[in-house]
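Data block below; observations after.
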Amino acid sequence: MVGLLVLVKMENARQIVARESAISSVLSKIVERFGRYEPFVELSRRLDAPPGERTVITGLSGSALSLLLTNLAGRQTPPVLVITETPNEAQDLYEDLVFLLGDHAVGHFPSRQILPYDFRAPVGEVLGRRIATLSGMLDSALRVIVAPVRAVMEPTMPVSQLRDHQPVVGVRVVGQEQVAVQVLLGRDR
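Following this note's numbering, the numbering of the sequence shown begins with 31 at its first residue and continues without gaps.
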């Protein structure tokens, strides 16, 4: 009975993998067609124009923004920073882009969710996501960064401080030194 159950689960797993492969194939065709769509081609030309020219994009609805950003991320340009009005919009767009591009190519830079006069420590998960996104930017791994406007306005650590305190595999550090670095990076002791 156990062998039969395992066989059935393996068959279900194969069906799921086949379904995901078919979905991925359809999605890649949609993204490819969007990249050949004339308004997108025109936008690409404008973005390749000399620096200083402003390009405004309006009127996108549904998944058009996610498809646009997916195509822009595929170009050999600097990472795209998307600033949203609300944290929920940023989270939704981040999830859409992770679905299309994978979590290795998209960063979410959330706000600390603390008012300026509130003297609480930020939530650890939020700090971790902010640091992971900054680190991904340093490593040039991210193609798109999504952030609500409030997160962009909040002060954050300088790039030099983040670069100097990144953990390196194989390097030994003294216990107190490591504690000081972790506290500096915003972790509780």
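Think of the CB as a built atom: it goes at the ideal place given N, C-alpha and C, for glycine as much as any other residue.
key: Option nearest Val165 by Cα separation, candidates Ser190, Ala79, Gly205 and Gln143   = A small fix is needed here, since residue 165 is Ser in this sequence, not Val. It is Ser190.
Same chain, Cβ closer than 8 Å to Thr116, neighbours up to 5 away in sequence not counted = Pro178
ask   = Grouping DSSP H, G and I as helix and E and B as strand, with all else coil, what is Pro69?
value = helix
key: Inter-residue Cα distance where the pair is Pro221 and Asp194   = The structure shown has nothing for residue 221, since the chain only spans 31 to 219.
query = Whole-angstrom Cβ separation of Leu123 and Val112, contact assumed at under 8 Å?
reply = 7 Å
task = Rounded to whole angstroms, what's the CA-CA distance from Glu72 to Val136? Just pull it up for me.
result = 25 Å
ask   = Under a three-way DSSP split, which group does Thr88 fall into?
value = In the three-state reduction of the DSSP assignment, Thr88 falls in the coil class, being assigned neither a helical nor a strand state.
message = Going by DSSP, what residue range makes up the beta strand (DSSP E) through Ala177?
response = Val174 to Pro178
ask   = What's the call for Ser96, buried or exposed, on a 16-neighbour Cβ count within 10 Å?
value = buried
Whole beta strand (DSSP E) elements within the stretch 126-212, 3-residue minimum = 136-138 and 174-178
inquiry  = For Thr114, list the residues DSSP reports as bridge partners.
reply    = Pro178
query = Which stretch, first to last residue, makes up the alpha helix (DSSP H) that contains Ser96?
reply = Ala94 to Gly104
key: Reduced DSSP secondary structure (H/G/I, E/B, other) of Glu119   = helix
query = What's the gap between the Cα of Thr114 and the Cα of Val128?
reply = 16 Å
request  = Using only alpha-carbon positions, find the residue among Gln143, Gln196 and Leu102 that is nearest to Ile175.
outcome  = The residue among Gln143, Gln196 and Leu102 with its C-alpha nearest the C-alpha of Ile175 is Leu102.
request  = Starting from the Cα of Tyr67, find the closest Cα among Val199, Gly89 and Leu98 and give me that residue.
outcome  = Leu98
query = Would His134 be called buried (16 or more neighbouring beta carbons within 10 Å of its own) or exposed?
reply = Result: exposed.
query = In this structure, does DSSP put Glu83 in helix, strand or coil?
reply = Looking at Glu83 - three-state DSSP - the assignment turns out to be coil, as it is neither helix nor strand.
task = Evaluate Val153 with the Cβ neighbour count: other Cβ atoms within 10 Å of its Cβ, from every protein chain shown; 16 or more gives buried, anything less gives exposed.
result = Flag for Val153 reads exposed.
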